[in-house]
Amino acid sequence: MASVPVPGGVTKKKVAMHDGFLKHAGYKWLKIASFIMLVSIVSYLFIDVSPRHNGGSWYGYTLGTIGAGLILWLTMLGVRKRAMTAGKWSLKAWTSAHIYLGLSLIVIGTLHTGFQFGWNIHTAAYAFMMIVIISGIFGIYFYATIPQALSNNRDEMTETQMLESLRSLDRQLHEAAQPLSAEHAALVLQSLEQDPFGGGFLKRVSGKYPNCATRAAQADLRRERAYQPRMGGDDPLDKVDALLEKKEATLARVRRHLRLKALLQVWLFVHVPMTFALIASLSAHIISVFFYW
1 MASVPVPGGV TKKKVAMHDG FLKHAGYKWL KIASFIMLVS IVSYLFIDVS
51 PRHNGGSWYG YTLGTIGAGL ILWLTMLGVR KRAMTAGKWS LKAWTSAHIY
101 LGLSLIVIGT LHTGFQFGWN IHTAAYAFMM IVIISGIFGI YFYATIPQAL
151 SNNRDEMTET QMLESLRSLD RQLHEAAQPL SAEHAALVLQ SLEQDPFGGG
201 FLKRVSGKYP NCATRAAQAD LRRERAYQPR MGGDDPLDKV DALLEKKEAT
251 LARVRRHLRL KALLQVWLFV HVPMTFALIA SLSAHIISVF FYW
């Protein structure tokens, strides 16, 4: 990293403004993990284990011990998140190591098995490990892309401000609907009374709201007005139509925001429970090996 001069002849390191957890320290942990995987593969190919490689050989025990130690260390990320510190073991450095060393378990764990699988607790531990790793890959993608998408969608508005904008539009719609006929007012009332975010977590993740009352009210209003002569001057229907259009656009923005936030959480519904299942099956695997093998 380049140095810049300061008064008195002293120099200090130039600090990068942004260094993502994937690129942290010039891909330091990617390089370390790649080296570990390379050594594991080369040693697997050149070390002769009779009659064949398996988890019960000395080489298998070595890889198994390394793998189990890594798994236990990887689970400590949740604890580490509670301590925001800088330095070599900043949260960003820890996350980078978590990602790349976690991926290295694909090689370490697979070679530990000696490619011997069956319907037993040993293979179950391997399967849970792979599920955790795959779900973690989805998590990497979400955390690498969604924060920027959230920022772009908010357009410098907070979630609270977006929701307040919706409430303000509802108040304006309520006032604008007063001069309308009972039939037209009923269309506006549909929009005001519906919970625009109802439908549960799955609907929020999908971002699809086919029964949106605001969209339906605007469509019905425009369909009815298509065959009616337009009033001159300040037509209250024009104002209601414009407010419904603005509300629909604001709803779309808030729904995108909530969907992106949900996607950041949904992978945890798989990753965290599977991590606990992995720890349980790994414990059973180790106990069975040392006491019943």
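If you count the sequence shown from 1, position 20 lands on 20 in this note's numbering, and the numbers rise without skipping.
Ideal placement from N, C-alpha and C gives every residue a C-beta, glycine not left out.
- The closest CA to that of Q190, considering only G207, Q178, W119, R215, is found on R215.
- Rounded to whole angstroms, L74 and N152 show a C-alpha spacing of 32 Å.
- Closest by C-alpha distance to E175, out of N211, Q148, L192, F269, is L192.
- If you draw a 10 Å sphere on the C-beta of T110, you find 16 or more other C-beta atoms in it, and that means buried.
- By the neighbour-count definition (other C-beta atoms within 10 Å, threshold 16), Y141 is an exposed residue.
- Residue environment analysis places K31 among the exposed positions, since fewer than 16 neighbouring C-beta atoms fall within 10 angstroms of its C-beta.
- The alpha-carbon separation between A185 and Q178 amounts to approximately 7 Å.
- If you compare the alpha carbons of R255, L180, M130, E156 with that of C212, the shortest gap goes to R255.
- In this structure P196 is buried. Its beta-carbon is surrounded by 16 or more other beta-carbon atoms within 10 angstroms.
- Straight-line measurement puts the Cα of G20 at about 35 Å from the Cα of F115.
- F128 is not a Cβ neighbour of W267, given a cutoff of 7 Å.
- Taking the Cα of T62 as reference, the smallest distance to any Cα among H112, V39, E248 is reached at H112.
- Where A186 is concerned, the enclosing alpha helix (DSSP H) starts and stops at 182-193.
- Secondary structure at T158: coil, using DSSP grouped into helix, strand and coil.
- Here the alpha carbons of V132 and V107 stand approximately 14 Å from one another.
- Every unbroken stretch of the alpha helix (DSSP H) spanning 4 or more residues and falling wholly within the region 204-250 is given here in chain order: 213-225.
- Taking the Cα positions, A25 is about 40 Å away from K203.
- Taking the CA atoms as reference points, D155 sits about 25 Å from K239.
- Under a 10 Å Cβ-count criterion, W119 is classified as exposed, with fewer than 16 other Cβ atoms of the shown protein chains found around its own Cβ.
- Within the model, the alpha-carbon separation for F291 versus S281 is close to 15 Å.
- The beta carbon of S165 sits closer than 6 Å to those of T250, all from its chain and outside the five residues before and after it, given in chain order.
- A distance of 7 Å or more separates the beta carbons of L180 and D220.
- Distances from the alpha-carbon of L70 to those of W94, R52, V49 put W94 closest.
- Using a 10 angstroms sphere on the CB of W58, the tally of other CB atoms stays under 16, which defines it as exposed.
- For A25, the uninterrupted alpha helix (DSSP H) segment begins and ends at 24-46.
- Burial state of Q265 is exposed, judged by a 10 Å Cβ sphere holding fewer than 16 other Cβ atoms.
- Secondary structure at N152: helix, using DSSP grouped into helix, strand and coil.
- Using a Cβ distance threshold of 7 Å, A149 and V205 do not count as a contacting pair.
- A buried status is given to K247, since no fewer than 16 other beta-carbon atoms sit within 10 Å of its beta-carbon.
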